[in-house]
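Report on the following structure.
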Amino acid sequence: MRLTAKVLGVFGDARVIAKGEAAGLKLMARGADPNFVRGTYEPPIQQAIAANLAPGDVFFDIGANIGFFSLIAARRVGPRGQVYAFEPVPRNAEAAAESARLSGFDTVRVFAEAAGATTGRGQLLLADHIGGAALASSGAPPDMSGRLEVSIVAIDDAIGQRGLRPPSLVKIDVEGAEIDVLGGMTETLRRHRPKVIYEVDDATREGLDRKARKIAELLTAAGYALKPLPASYENWEWQVGHVFAQPMSAYELS
3 MRLTAKVLGV FGDARVIAKG EAAGLKLMAR GADPNFVRGT YEPPIQQAIA
53 ANLAPGDVFF DIGANIGFFS LIAARRVGPR GQVYAFEPVP RNAEAAAESA
103 RLSGFDTVRV FAEAAGATTG RGQLLLADHI GGAALASSGA PPDMSGRLEV
153 SIVAIDDAIG QRGLRPPSLV KIDVEGAEID VLGGMTETLR RHRPKVIYEV
203 DDATREGLDR KARKIAELLT AAGYALKPLP ASYENWEWQV GHVFAQPMSA
253 YELS
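Going by this note's numbering, the letters in the sequence shown line up with residues 3 to 256, in that order.
Dropping the structure here:
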């Protein structure tokens, strides 16, 4: 079965995104948050990606889901740029690849695998929520619906062994595995100094703050300045925060 037919069987017809930074692009979105197609999904992240990418840049979408942010990035970086999307849930990865094709972007390359601290294999815990799957090392999602063995790659290895272009901007949304992802890209942070946008979430504010402190310690030690982004969600029982990390100059570090 061809990829297109397989994806259509799972997601249905492509939808045109109504507004936002991805307005007019096509997305395979059945079963996903309807705000993707409306173009209203996480506006601060949309804006941060658009504002921090230029033609020819390289974007790493780690935890790409169905590829909504990859489309925004592909539009911004243009034909001389590159987008690498990492998404371990097979049907999400297929949708991301098909959305890029339907939107006319041949600069998007999708890897159906998770990013982590080391390259190898691991258990992915699936969730009813389309973007809620998590590596077993991060704990089970509250709506766990199954498990799947998946490939895991450290970003340092992906760049060094596969010849990927180093990132200008990295987005990380990995349901609790942020420390693992960052631990697998320490050389990338040191050598290439990409900007980073990441999500932290938890059932409680205390849990979110605990995770946020660990990530902040790692990034500040690597010479990054952190800035919270405006809230994407209001009055949610589940706690979600987003942070923009920018590398500091040698002068600022001295």
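The beta carbon of each residue, even a glycine, is placed where N, CA and C say it ideally should be.
Subject >> Inter-residue spacing [alpha-carbon to alpha-carbon] between residue 73 and residue 207 >> reply: Going from the Cα of residue 73 to the Cα of residue 207 covers about 31 Å.
Original post:
Considering only residues of the segment 17 to 104, which uninterrupted alpha helix (DSSP H) runs meet the minimum length of 4 residues and lie entirely inside it, listed in chain order?
Top reply: Correct list: 36 to 40, 45 to 53, 70 to 79 and 92 to 104.
**OP:** Give the straight-line distance between the Cα atoms of residue 42 and residue 112, rounded to the nearest whole angstrom.
**Re:** Cα to Cα, the separation comes out at about 23 Å.
Subject >> Per-residue burial, residue 150 [other beta carbons within 10 Å of its own, 16 or more giving buried] >> reply: With a threshold of 16 other beta carbon atoms within 10 Å, residue 150 falls short and is exposed.
Original post:
Taking three-plus beta-carbon pairs below 8 Å as touching, is the segment 59 to 68 in contact with the segment 166 to 180?
Top reply: Enough Cβ pairs lie closer than 8 Å, so yes.
**OP:** Leaving out five residues on either side along the sequence, give the residues of the same chain with a beta carbon under 7 Å from the beta carbon of residue 240.
**Re:** If we look at residue 240 and ignore the five residues flanking it on each side, its Cβ neighbours are 203 and 205.
Subject >> Neighbourhood of residue 121 by C-beta, 7 Å cutoff - its chain only, sequence neighbours within 5 removed >> reply: Within the same chain, Cβ atoms closer than 7 Å to the Cβ of residue 121 are found at 154, 155, 156 and 159, the five residues on either side in sequence being excluded.
**OP:** Keeping to the same chain, check which residues put their C-beta closer than 6 Å to that of residue 199; ignore five residues upstream and five downstream.
**Re:** Residues of the same chain with a CB within less than 6 Å of the CB of residue 199, apart from the 5 flanking positions on each side, are 50, 173 and 246 in chain order.
**OP:** Might you give, ordered along the chain, the residues of its own chain that have their beta carbon closer than 6 Å to the beta carbon of residue 17, omitting 5 neighbours on each side?
**Re:** Contacts found: 29, 31 and 39.
Original post:
By how many angstroms is the C-alpha of residue 53 removed from the C-alpha of residue 192?
Top reply: Residue 192 and residue 53 have their C-alpha atoms some 23 Å from each other.
Subject >> Which residues DSSP lists as bridging residue 174, in chain order >> reply: Note: residue 174 sits in a beta bridge opposite 64 and 200.
Original post:
Roughly how many whole angstroms lie between the Cα atoms of residue 270 and residue 114?
Top reply: One cannot answer for residue 270 here, as it falls past the ends of the chain, which runs 3 to 256.
Subject >> Backbone secondary structure at residue 148 - three-state DSSP >> reply: Residue 148 falls in the strand class under three-state DSSP.
Original post:
Around the Cβ of residue 24, are there at least 16 other Cβ atoms within 10 angstroms (buried) or fewer (exposed)?
Top reply: Buried is the call here.
Original post:
Which whole-angstrom value describes the C-beta separation of residue 46 and residue 231, a residue pair presumed to lie in contact below a C-beta threshold of 8 Å?
Top reply: That pair is a contact at about 5 Å.
Subject >> Host alpha helix (DSSP H) of residue 233 (start-end) >> reply: Residue 233: not part of any alpha helix (DSSP H); DSSP gives it neither H nor E.
Subject >> Residue of 85, 68, 96 and 250 minimising C-alpha distance to residue 75 >> reply: Residue 85 is the option with its Cα nearest to residue 75.
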